[in-house]
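Visitor: As they're listed, the protein sequences go chains G and F.
First residue of the first sequence: 33, per our numbering; consecutive thereafter.
First residue of the second sequence: 33, per our numbering; consecutive thereafter.
Number of protein chains: 2
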Amino acid sequence: MRIKYEKAYSELLRILYKIGFEDERARLCAKLFTESSLDGIYSHGLNRFSLFIKSIKDGYTDIHAYPEKIEERGLIERWDGKLGPGNLNAYYCMNQAIKNARKNRIGCIALKNTNHWMRGGTYGWQAANSKCISLCLTNTLPNMPPWGGEECKLGNNPLVIAVPRENGQHIVLDMAMTQFSYGKINEYKLNNKSLPVEGGFDQNGKLTKNPNKIIKTGRPLPMGYWKGSGLSIMIDLIVTLLSCGQSTSMIGTLEAEYGVSQIFLCFDISKDSLTYYKKAVNEIINFVHEATPVNRDGKVYYPGERTLLRRKDNLQKGIPVNKTVWKEIYNM
Amino acid sequence: MRIKYEKAYSELLRILYKIGFEDERARLCAKLFTESSLDGIYSHGLNRFSLFIKSIKDGYTDIHAYPEKIEERGLIERWDGKLGPGNLNAYYCMNQAIKNARKNRIGCIALKNTNHWMRGGTYGWQAANSKCISLCLTNTLPNMPPWGGEECKLGNNPLVIAVPRENGQHIVLDMAMTQFSYGKINEYKLNNKSLPVEGGFDQNGKLTKNPNKIIKTGRPLPMGYWKGSGLSIMIDLIVTLLSCGQSTSMIGTLEAEYGVSQIFLCFDISKDSLTYYKKAVNEIINFVHEATPVNRDGKVYYPGERTLLRRKDNLQKGIPVNKTVWKEIYNM
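#1: Would you mind working out which of F:293, F:178, F:227 sits nearest residue 209 of chain F, comparing C-alpha positions?
#2: Name the one or two DSSP bridge partners that residue 146 of chain F has.
#3: Using a beta-carbon distance below 8 Å, is residue 200 of chain G in contact with chain B?
#4: From residue 48 of chain F to residue 350 of chain F, what does the alpha carbon distance come to, in whole angstroms?
#5: Comparing alpha-carbon positions, which option in G:148, G:307, G:298 lies nearest residue 132 of chain G?
#6: Report the residues of the stretch 276-297 of chain G with a CB closer than 8 Å to any CB of chain F, ordered along the chain.
#7: In the DSSP assignment, find the unbroken alpha helix (DSSP H) run with residue 283 of chain F in it and report its ends.
#8: Check residue 125 of chain F in the structure and name its three-state DSSP category.
#9: Residues of chain G with a CB under 7 Å from the CB of residue 137 of chain F: which are they?
#10: Within a Cβ cutoff of 6 Å, which residues of the same chain sit near residue 330 of chain F, ignoring the five residues on either side of it in sequence?
#11: Using the three-state DSSP reduction, which class does residue 101 of chain G fall into: helix, strand or coil?
#12: Could you spell out the range, first to last residue, of the beta strand (DSSP E) harbouring residue 169 of chain G?
#13: Hey, how far is the Cα of residue 281 of chain F from the Cα of residue 258 of chain F?
#14: Considering only DSSP beta bridges, list what residue 230 of chain G is partnered with.
#15: In chain order, what residues of the same chain lie with their CB nearer than 7 Å to the CB of residue 58 of chain G, ignoring the 5 residues before and after it?
#16: Between residue 285 of chain F and residue 36 of chain G, what straight-line distance do the alpha-carbon atoms span, to the nearest angstrom?
#17: Closest Cβ-Cβ distance between residue 319 of chain G and chain F: below 8 Å?
#18: Taking one C-beta from the stretch 209-218 of chain F and one from the stretch 296-311 of chain F each time, how about it: are there three or more such pairs within less than 8 Å?
#19: Taking Cβ to Cβ, would you say residue 160 of chain F is nearer than 8 Å to residue 117 of chain F?
#20: Here's a check: name, in chain order, each residue in its chain whose Cβ is nearer than 6 Å to the Cβ of residue 158 of chain F, leaving out the five neighbours to either side.
#21: Taking residue 263 of chain F as the reference, give the member of G:334, G:232, G:219 with the closest Cα.
#22: Name the chain F residues whose beta carbon is nearer than 7 Å to that of residue 140 of chain G?
#23: Taking Cβ positions only, does residue 299 of chain F come closer than 8 Å to chain G?
#24: Is residue 147 of chain G closer than 8 Å to residue 292 of chain G when the C-beta atoms are compared?
#25: In chain order, what residues of the same chain have a beta carbon less than 6 Å from the beta carbon of residue 79 of chain F, not counting five sequence neighbours either side?
#26: Counting only beta-carbon atoms, is residue 337 of chain G nearer than 8 Å to chain F?
#27: Answer with buried or exposed for residue 189 of chain G, where buried requires no fewer than 16 other C-beta atoms within 10 angstroms of its C-beta.
#28: Sort out for me which residues DSSP pairs residue 252 of chain F with in a bridge.
#29: Can you list, in chain order, the residues of its chain whose CB lies under 6 Å from that of residue 193 of chain G, leaving out five sequence neighbours each side?
#30: Determine whether the Cβ of residue 77 of chain F lies closer than 8 Å to any Cβ atom of chain G.
#31: Would you kindly report the start and end of the unbroken beta strand (DSSP E) that includes residue 108 of chain G?
#32: In terms of residue numbering, what span does the beta strand (DSSP E) encompassing residue 206 of chain F cover?
#33: Alpha carbon to alpha carbon, how far is residue 328 of chain G from residue 170 of chain F? Give it in angstroms, no decimals.
#34: Terminal residues of the continuous alpha helix (DSSP H) containing residue 88 of chain G?
#35: Determine whether the beta carbon atoms of residue 202 of chain F and residue 151 of chain F lie at a separation below 8 Å.
#36: Report the CB separation of residue 138 of chain G from residue 107 of chain F in whole angstroms; it is logged as a contact under 8 Å.
What follows is the structure, encoded as structure tokens:
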């Protein structure tokens with residue numbers, strides 16, 4: 033089924049009010065969730081909302097907590113998320129990073145004690161809308177084996193890089209360190225399909241495309257094998273050390289995933305020569321677009337390009353929502 | 033054969049003097065090349081030296097050029113590498129980034145018109161030795177197809193992230209966006225071996241482990257398929273836009289690879305609490321080390337861990353050098 037943006041938004045808003053969110057925060061929170069689904073990131077939009085509410089009811093997320101600056105280390109600001117809603121904390125800290133970047137061209141917020149930021153790309157789009165190039169990093173609970181090891185000792189530690197472009201056609205990369213997210217693996221499982229490439233390990237430690245086997249072992253493949261494994265370790269180190277927050281290993285000792293560590297880094301480009309900037313960006317994008325598509329009816333896309341297509345489509349036709357998910361939200 | 037560090041160093045120094053390098057720069061340049069081989073990165077150490085000399089003789093690298101600051105955009109400094117030796121330019125700019133980070137905790141140098149930095153990890157180790165967390169990015173000529181496209185429209189745009197640790201046991205990730213470097217693919221070819229995982233495309237556009245087929249098509253696989261492809265685009269955008277230098281597409285129009293764009297970003301941690309820092313780093317590393325190795329006699333390593341082992345080994349026994357490579361250097 034498809035639900036119009038306004039309808040989805042107002043349902044989430046109703047629930048957030050009911051659960052005690054203050055007005056402004058309820059509206060921002062509902063907007064961020066609905067926009068994620070609008071952009072086609074269903075797994076971290078409406079599909080994730082009930083888990084978000086559960087985390088509040090379970091006491092892991094404090095809806096009244098505001099992030100607080102605890103220290104300025106030169107241009108690195110350390111903030112405490114106080115276990116507030118992860119998306120609100122992240123949005124707030126990205127705003128702060130943008131503000132600081134306006135002054136010094138670079139802004140860097142290190143945030144500890146926060147929660148899952150839901151769709152990471154949100155903060156890339158946010159920075160790009162404010163004419164900043166951005167890099168956002170987060171750690172997670174351990175959910176991926178290191179290359180050469182059996183148990184999940186690494187997080188899938190997502191990374192977001194975004195570059196602004198005119199007319200909101202920003203270039204936004206939002207990726208976790210696993211080759212496939214658990215959401216994607218589950219999708220293939222539900223559709224009874226094989227993954228397009230190997231995405232994890234079976235019970236004998238062999239690489240497999242079978243989503244059932246990967247879900248059974250709980251051992252997804254790091255993207256690029258040893259490369260994604262190494263990058264995950266580096267991301268955990270950076271967010272933990274700069275924020276003085278919890279590392280993946282510490283989060284792994286808790287009864288649930290909370291108190292994660294994040295970085296929001298901005299480069300302000302609003303004062304740069306727009307003529308040069310536009311020319312250079314378009315040159316890079318056009319060059320990529322020139323590649324002959326491997327599939328005859330295919331196209332080569334830049335990161336985030338399809339997001340804009342989906343956004344337009346979903347705005348017109350309504351957001352595709354799973355019936356069960358919508359019923360659950362409707363009855364909350 | 034194995035050559036002692038001092039012997040290799042003095043041979044390179046002799047050649048650099050002969051070709052006209054000034055004393056101090058000759059010594060640094062010889063040191064950087066020899067250290068790369070010492071650390072086991074043979075492809076970007078002694079094995080690359082004759083190509084480096086060729087680039088000088090061909091007029092693409094100017095041994096008398098010094099990098100010059102052209103603009104301060106807040107805390108982002110823009111430098112012009114003036115087509116000087118890539119490793120000297122990168123070393124110099126990383127020094128500058130460290131110096132700036134000492135003042136503001138963050139230092140960021142954007143460098144244009146420079147040349148191949150040889151072994152990227154060098155600048156990660158350099159920053160870590162100065163108690164800085166660092167991120168270095170470079171673009172390259174087009175040498176990798178974007179995901180879903182046929183022709184090489186992306187660079188393999190290497191990325192370096194380094195985190196300092198006591199006793200020089202730094203954690204250093206140095207990786208290109210291809211699953212395997214051309215050097216590695218060639219190594220497998222020479223040894224008549226298959227790649228351990230798929231590393232590129234054959235003539236029918238199918239993924240293959242056969243190094244000969246990949247060399248024939250010139251289409252290596254982006255690491256993590258669409259993920260490495262996306263990350264390569266973002267790296268090209270960042271280094272080009274911040275340095276106002278050449279993008280991969282522009283470099284692709286030249287008769288050889290020169291005038292690449294780079295970023296050196298540092299976070300100074302020398303004033304942070306060492307007790308906390310040490311504890312957090314060791315917690316992360318120990319957690320990874322705890323994973324049960326997949327191979328009974330294996331071990332799970334953090335990025336850079338094996339580098340230290342090789343450095344120690346090669347310092348004792350001498351650096352392994354290919355006979356032909358050594359002969360060539362010896363006769364220069």
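Every residue gets a Cβ at the ideal spot worked out from N, C-alpha and C, and that includes glycine.
It should be emphasised that the depicted structure is a prediction, and the values quoted were computed from it without experimental measurement.
Guide: In terms of the structure at hand:
#1: Position 177 of the second sequence, counted from the first residue, corresponds to residue 209 of chain F. That would be F:178, whose Cα lies nearest to the Cα of residue 209 of chain F.
#2: As a first step, residue 146 of chain F is located in the second sequence; it is residue number 114 there, counting from the start. Its beta-bridge partners are F:292.
#3: Of the chains in the structure shown, none is chain B; the protein chains are G and F.
#4: Residue 48 of chain F sits at position 16 when you count from the first residue of the second sequence. Residue 350 of chain F sits at position 318 when you count from the first residue of the second sequence. Those two C-alpha atoms are separated by around 22 Å.
#5: Stepping through the first sequence from its first residue, residue 132 of chain G is reached at position 100. Measuring from the Cα of residue 132 of chain G, the nearest candidate turns out to be G:298.
#6: 276, 279, 280, 281, 282, 284
#7: As a position in the second sequence, residue 283 of chain F is number 251, starting the count at 1. It spans 280-283 - the alpha helix (DSSP H) in which residue 283 of chain F sits, taken as one unbroken run.
#8: Taking the second sequence and counting its residues from 1, the one referred to as residue 125 of chain F is at position 93. Reduced to three states, the DSSP call for residue 125 of chain F is helix.
#9: Stepping through the second sequence from its first residue, residue 137 of chain F is reached at position 105. Within 7 Å Cβ-Cβ: 105, 106, 107, 108.
#10: Along the second sequence, read from residue 1 onward, the residue named residue 330 of chain F stands at position 298. For residue 330 of chain F, where only same-chain residues beyond five positions count, there are no Cβ hits under 6 Å.
#11: Counted from its first residue, the first sequence places residue 101 of chain G at position 69. Three-state DSSP puts residue 101 of chain G in a strand.
#12: As a position in the first sequence, residue 169 of chain G is number 137, starting the count at 1. Counting along the chain, the beta strand (DSSP E) containing residue 169 of chain G begins and ends at 164-170.
#13: Position 249 of the second sequence, counted from the first residue, corresponds to residue 281 of chain F. Position 226 of the second sequence, counted from the first residue, corresponds to residue 258 of chain F. In a straight line, the C-alpha of residue 281 of chain F is about 19 Å away from that of residue 258 of chain F.
#14: The sequence position of residue 230 of chain G within the first sequence is 198, counting from 1. Partner(s): none; residue 230 of chain G has no beta bridge.
#15: On the first sequence, residue 58 of chain G is found 26 positions in, with the first residue counted as 1. Around residue 58 of chain G: 45, 48, 49.
#16: The residue given as residue 285 of chain F occupies position 253 in the second sequence. The residue given as residue 36 of chain G occupies position 4 in the first sequence. The straight-line gap from Cα to Cα measures roughly 48 Å.
#17: For the purposes of this step, residue 319 of chain G is identified with residue 287 of the first sequence, where counting begins at 1. Chain F, which has a Cβ nearer than 8 Å to the Cβ of residue 319 of chain G, makes this yes.
#18: no
#19: For the purposes of this step, residue 160 of chain F is taken as residue 128 along the second sequence, with counting starting at 1. For the purposes of this step, residue 117 of chain F is taken as residue 85 along the second sequence, with counting starting at 1. Cβ distance not < 8 Å, so residue 160 of chain F and residue 117 of chain F don't count as in contact.
#20: The sequence position of residue 158 of chain F within the second sequence is 126, counting from 1. If we look at residue 158 of chain F and ignore the five residues flanking it on each side, its Cβ neighbours are 126.
#21: Taking the second sequence and counting its residues from 1, the one referred to as residue 263 of chain F is at position 231. The shortest C-alpha separation from residue 263 of chain F is found at G:334.
#22: Residue mapping note: residue 140 of chain G aligns to position 108 of the first sequence, counting from 1. Here the neighbours are 138.
#23: If you number the second sequence from 1, residue 299 of chain F lands on position 267. It does: the Cβ of residue 299 of chain F has a partner Cβ on chain G nearer than 8 Å.
#24: By one-based count along the first sequence, residue 292 of chain G stands at place 260. By one-based count along the first sequence, residue 147 of chain G stands at place 115. Going by C-beta atoms, residue 292 of chain G is nearer than 8 Å to residue 147 of chain G.
#25: Along the second sequence, one-based indexing puts residue 79 of chain F at 47. Here the set comprises 357.
#26: Here residue 337 of chain G refers to the residue found at position 305 of the first sequence. False, the Cβ-Cβ gap to chain F never drops below 8 Å.
#27: Counted from its first residue, the first sequence places residue 189 of chain G at position 157. Per the 10 Å Cβ criterion, buried.
#28: Numbered from 1 along the second sequence, position 220 holds the residue referred to as residue 252 of chain F. Answer by DSSP bridge pairing, in chain order: F:232.
#29: For the purposes of this step, residue 193 of chain G is taken as the residue at position 161 of the first sequence. Excluding sequence neighbours, residue 193 of chain G sits near 167, 205.
#30: Translated into positions along the second sequence, residue 77 of chain F becomes position 45. Answer no: the Cβ-Cβ gap between residue 77 of chain F and chain G never drops below 8 Å.
#31: Translated into the one-based positions of the first sequence, residue 108 of chain G becomes position 76. Its beta strand (DSSP E) spans residues 108-112.
#32: Your numbering for residue 206 of chain F matches position 174 in the second sequence. That run of the beta strand (DSSP E) goes 203-207.
#33: As a working note, residue 170 of chain F is residue 138 in the second sequence. As a working note, residue 328 of chain G is residue 296 in the first sequence. Taking the straight line joining both Cα atoms gives about 33 Å.
#34: Along the first sequence, one-based indexing puts residue 88 of chain G at 56. Taken as a continuous stretch (DSSP letters only), the alpha helix (DSSP H) holding residue 88 of chain G covers 78-89.
#35: Counted from its first residue, the second sequence places residue 202 of chain F at position 170. Counted from its first residue, the second sequence places residue 151 of chain F at position 119. Contact: no.
#36: One-based indexing of the first sequence puts residue 138 of chain G at position 106. One-based indexing of the second sequence puts residue 107 of chain F at position 75. Rounded, the Cβ-Cβ distance is 5 Å, consistent with contact.
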